[in-house]
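Here is the structure we will look at.
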Amino acid sequence: MAEKNDKKQVLFYPDFLFKEAIAALIVVIAVVALALALPMKVGDPADPSDSSFKPRPEWYFMAPFYLLKIFPSSLEIVPTVVLPGLVFIALMVFPFLDRNPETSPRKRPVAMALMGGGVVLTILFTVLGISA
Numbered sequence: 349m350a351e352k353n354d355k356k357q358v359l360f361y362p363d364f365l366f367k368e369a370i371a372a373l374i375v376v377i378a379v380v381a382l383a384l385a386l387p388m389k390v391g392d393p394a395d396p397s398d399s400s401f402k403p404r405p406e407w408y409f410m411a412p413f414y415l416l417k418i419f420p421s422s423l424e425i426v427p428t429v430v431l432p433g434l435v436f437i438a439l440m441v442f443p444f445l446d447r448n449p450e451t452s453p454r455k456r457p458v459a460m461a462l463m464g465g466g467v468v469l470t471i472l473f474t475v476l477g478i479s480a
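Counting in the working numbering, the sequence shown runs from 349 upward without gaps.
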């Protein structure tokens, strides 16, 4: 004999979806209010007569910025197109090549070594780009 379920059912649409939409609206209003109340300072106004200004990218673009400094201008396509393309292709292909059924990082040394090497190189190039 099946037991009767006394829990009230909540339909995804419209009940749950409406609550999620209200929560999203509250978050958007809060972010807009904070952005209006605490505006971000961009920096000093631009001075067209100052020729000593050296533009610098944000911190998250420092690794590619450093790679641009390494390669000569005749090979600028390598750090701007080839390397990001190879990284993108590797990220797309790696799940198909890695057939290891284990999910523990300790039992996947090759995957962890590749990931760790990529993180170390990215941090190294970012630090070198900041100091360059």
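Glycine included, C-beta positions come from ideal geometry on N, C-alpha and C.
- Query: What do you reckon, are the CB atoms on A411 and T470 nearer than 9 angstroms?
  - Reply: Position 63 of the sequence shown, counted from the first residue, corresponds to residue 411. Position 122 of the sequence shown, counted from the first residue, corresponds to residue 470. It is a contact, given that the beta carbons lie within the stated cut-off.
- Starting from T474, trace the alpha helix (DSSP H) both ways and give me its first and last residue. Here residue 474 is taken as the residue at index 126 of the sequence shown, counted from 1. First-last of the alpha helix (DSSP H) with T474: 457-479.
- Message: So the candidates are A369, L415, P405; which of them puts its Cα closest to the Cα of L472?
- Response: Within the sequence shown, the letter at position 124 stands for residue 472. Per the Cα distances, L415.
- Distance between V375 and A385 (C-alpha atoms, nearest Å): For the purposes of this step, residue 385 is taken as residue 37 along the sequence shown, with counting starting at 1. For the purposes of this step, residue 375 is taken as residue 27 along the sequence shown, with counting starting at 1. In a straight line, the C-alpha of A385 is about 15 angstroms away from that of V375.
- Message: Restricting to Cα atoms, I'd like to know which of N448, G466, K417 is closest to A480.
- Response: Taking the sequence shown and counting its residues from 1, one reaches residue 480 at position 132. Checked all of N448, G466, K417; the closest Cα to A480 is K417.
- For K355, which of helix, strand or coil comes out of DSSP? For the purposes of this step, residue 355 is taken as the residue at position 7 of the sequence shown. Reduced to three states, the DSSP call for K355 is coil.
- Query: Taking the alpha carbon of D392 as the point to measure from, which residue in L373, P403, V468 has its own alpha carbon closest?
  - Reply: The residue you call residue 392 lines up with position 44 of the sequence shown. Among L373, P403, V468, the Cα nearest to that of D392 belongs to P403.
- Message: Would F494 and G477 be called neighbours here (beta carbons separated by less than 9 angstroms)?
- Response: The structure shown does not extend to residue 494, since the chain spans only 349 to 480, so no value can be given for it.
- Span of the alpha helix (DSSP H) around M388: Residue numbering aside, residue 388 sits at position 40 when the sequence shown is read from its first letter. Note, M388: premise wrong, no alpha helix (DSSP H); not H, not E.
- Item | Residue environment, P427, which counts as buried when at least 16 other CB atoms sit within 10 Å | Numbered from its first residue, the sequence shown carries residue 427 at position 79. Result: buried.
- Separation of R447 from P457, as counted between CA atoms: Counted from its first residue, the sequence shown places residue 457 at position 109. Counted from its first residue, the sequence shown places residue 447 at position 99. Answer to the nearest angstrom: the Cα atoms are 13 angstroms apart.
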